[in-house]
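For the sequence shown, our numbering assigns the number 1 to the initial residue and increments by one for each residue that follows.
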Amino acid sequence: MTEQISLFGNQLPPEVDALSPETWEQIPTRASIPIPSGTYENLEQLAQHCNQCQRCDLAGGRTNVVVSRGNPNAPIMIIGEGPGQQEDEQGLPFVGKSGQLLDKILASVRLDTKTDVYICNVVKCRPPGNRAPTAGEVAACIPYLKEQVRLVDPKIILLTGGTALKGLVGVKQGITKVRGNWMEWEGRNCMAIFHPAYLLRNPSRAKGKPKWLMWQDIQEIKKKLDEVNSQPA
Ligand code: URA
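Set out below in structure tokens:
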């Protein structure tokens, strides 16, 4: 990736600096330069930019960019790791086996995927063989996620699995340790929860097992939503 430049340095190469992008359309899709907060006026612009994105090598292997599903005004945002095969084919997040389980978990506390949640991922393109995205891929893609958070403005963010927890909040801890606890990130209520794929691999419902813990967590999440909804705007 010869065109990639440091995401963290303040110095942009002269050709980019000279451009002084004023609108999202002027931000080159091939260079991993910062995408400042406020770049997109709406989620349609963001999706359009994502659809052209070549910021990392995952672009070369994708069938579709996977941006989101659900309600763009939802009070809950759910963040996964990255698209799998079915997501890549359909261009929608969490539509495979993990997604079906996620929908069931939400339905168990009467949360509707069309109205109550907005679902997206840390990386928008499928990592080959369903491997975890690399640090470079996450760094290239994370500005889109941060813009999604700003535009959707959710009251509650659920981070499914370690990649989402580390990618958005910067916390590198095991989910088993931190799940079930509310943490604040940029003024928002966040909770790390087990990734549904992990629950598929650990199907026991016995007390103390991941599925049982997930049931505790989703009830707590519903309680928080009711609490947030009952507060004056
Ligand atoms: N796993 C994820 O983390 N995201 C998806 O969209 C699908 C599976």
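Every residue gets a Cβ at the ideal spot worked out from N, C-alpha and C, and that includes glycine. All figures in this text were calculated on a predicted structure; none of them were measured in a lab.
Quick one: using the 10 Å Cβ neighbour count with 16 as the cut-off for buried, is residue i buried or exposed?
i	result
E22	exposed
R238	The question about residue 238 has no answer, for the chain in this structure spans 1 to 233.
Q148	buried
K124	buried
P154	buried
R55	buried
R126	buried
S68	buried
Q231	exposed
T29	exposed
S108	exposed
E3	Its pLDDT being 41, under 50, E3 is placed unreliably by the model, and the measurement read from it follows with that caveat. So E3 counts as exposed.
S37	exposed
D116	buried
D217	buried
G161	buried
G96	buried
T200	The residue you asked about is not Thr; residue 200 is Leu in the sequence shown. The residue in question, L200, is exposed, as its Cβ has fewer than 16 Cβ neighbours within 10 Å.
P72	exposed
I221	buried
A233	exposed
A206	exposed
G187	exposed
At a cut-off of 7 Å, would you count residue i as near the ligand URA, judging by its Cβ distance to the nearest heavy atom?
i	result
V171	no
P34	no
P83	yes
N202	no
G91	no
G129	no
F194	no
V178	no
V67	no
N64	no
A197	yes
E87	yes
N121	yes
G96	yes
In terms of DSSP beta bridges, what is residue i paired with?
i	result
C120	I79
N189	I156 and E184
R69	I119
Give me the Cβ distance between residue i and residue j, rounded to the nearest whole Å; I'm assuming they're in contact under 8 Å.
i	j	result
I79	V122	6 Å
Y118	G70	4 Å
Considering only C-alpha positions, which residue in the set the options is nearest to residue i?
i	options	result
A135	P36, I119 and G167	G167
S98	A59, K114 and E81	E81
P189	I105, N202 and K224	As written in the sequence, residue 189 is Asn, which differs from the Pro given in the question. Minimum Cα distance to N189 is reached at K224.
P34	W212, C141 and S204	C141
N51	G84, D88 and I76	D88
K203	T39, V65, L92 and L101	One detail in the question is off: residue 203 reads as Pro in this sequence, not Lys. Out of T39, V65, L92 and L101, L101 has the C-alpha closest to the C-alpha of P203.
L159	D112, K211 and V169	V169
V66	N73, P72 and A47	A47
R62	L92, N73 and N42	L92
G129	P83, K104, S37 and W212	P83
V138	R150, K114 and A164	A164
S32	E41, E44, H49 and Q45	H49
D57	P133, I193 and E227	P133
K104	P196, E227, Q86 and R205	P196
K114	K146, Q86 and M77	M77
C120	D226, K146 and V228	K146
Tell me, please, whether the CB atom of residue i is closer than 8 Å to any CB atom in chain B?
i	result
E81	Protein chain content of the structure displayed is limited to a single chain, and chain B is not contained in it.
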